[in-house]
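In the numbering used here, the protein residues as written are 8 to 87.
Yeah, the Cβ is synthetic: ideal placement off N, Cα and C, and Gly gets one too.
Structure first, commentary second.
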Amino acid sequence: MVFASDAELPDVWECRTCGHEATRLVDAKPVEIDRSGEKVARTHWDMLLERRTRAELEELLEERLAYLRARRGGQQKIGA
């Protein structure tokens, strides 16, 4: 990509053609980018596991399944 001679060059930008991240080259080598300050995206599952253990989640699942089975009026499993 060509920049104006008086422009401040960014280290990273989005490629117009493919949308991927493009990196500035200095002496035919990519510029080192400090990514230590970037946050890692957390999923809903990650946040859930911060609040409850897998054993607690299994117990809750069993409670809810028992409740739904009782409402349905039977203990027979579907597809089993």
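Coarse secondary structure for residue i, derived from DSSP in three states
| i | result |
| --- | --- |
| L55 | helix |
| A29 | strand |
| E15 | coil |
Cut-off 8 Å between Cβ atoms - residues of its own chain near residue i, not counting five sequence neighbours on either side
| i | result |
| --- | --- |
| I40 | D18, V19, T30 |
| L89 | As shown, the chain starts at 8 and ends at 87. That puts residue 89 outside it, with no answer to give. |
Member of the options whose CA lies at the smallest distance from the CA of residue i
| i | options | result |
| --- | --- | --- |
| T24 | E66, R58, R78, M8 | M8 |
| D53 | H27, L64, A73 | L64 |
Cut-off 6 Å between Cβ atoms - residues of its own chain near residue i, not counting five sequence neighbours on either side
| i | result |
| --- | --- |
| C22 | A29 |
Beta-carbon contacts of residue i that lie in its chain and below 7 Å, excluding the five residues immediately before and after
| i | result |
| --- | --- |
| S43 | none |
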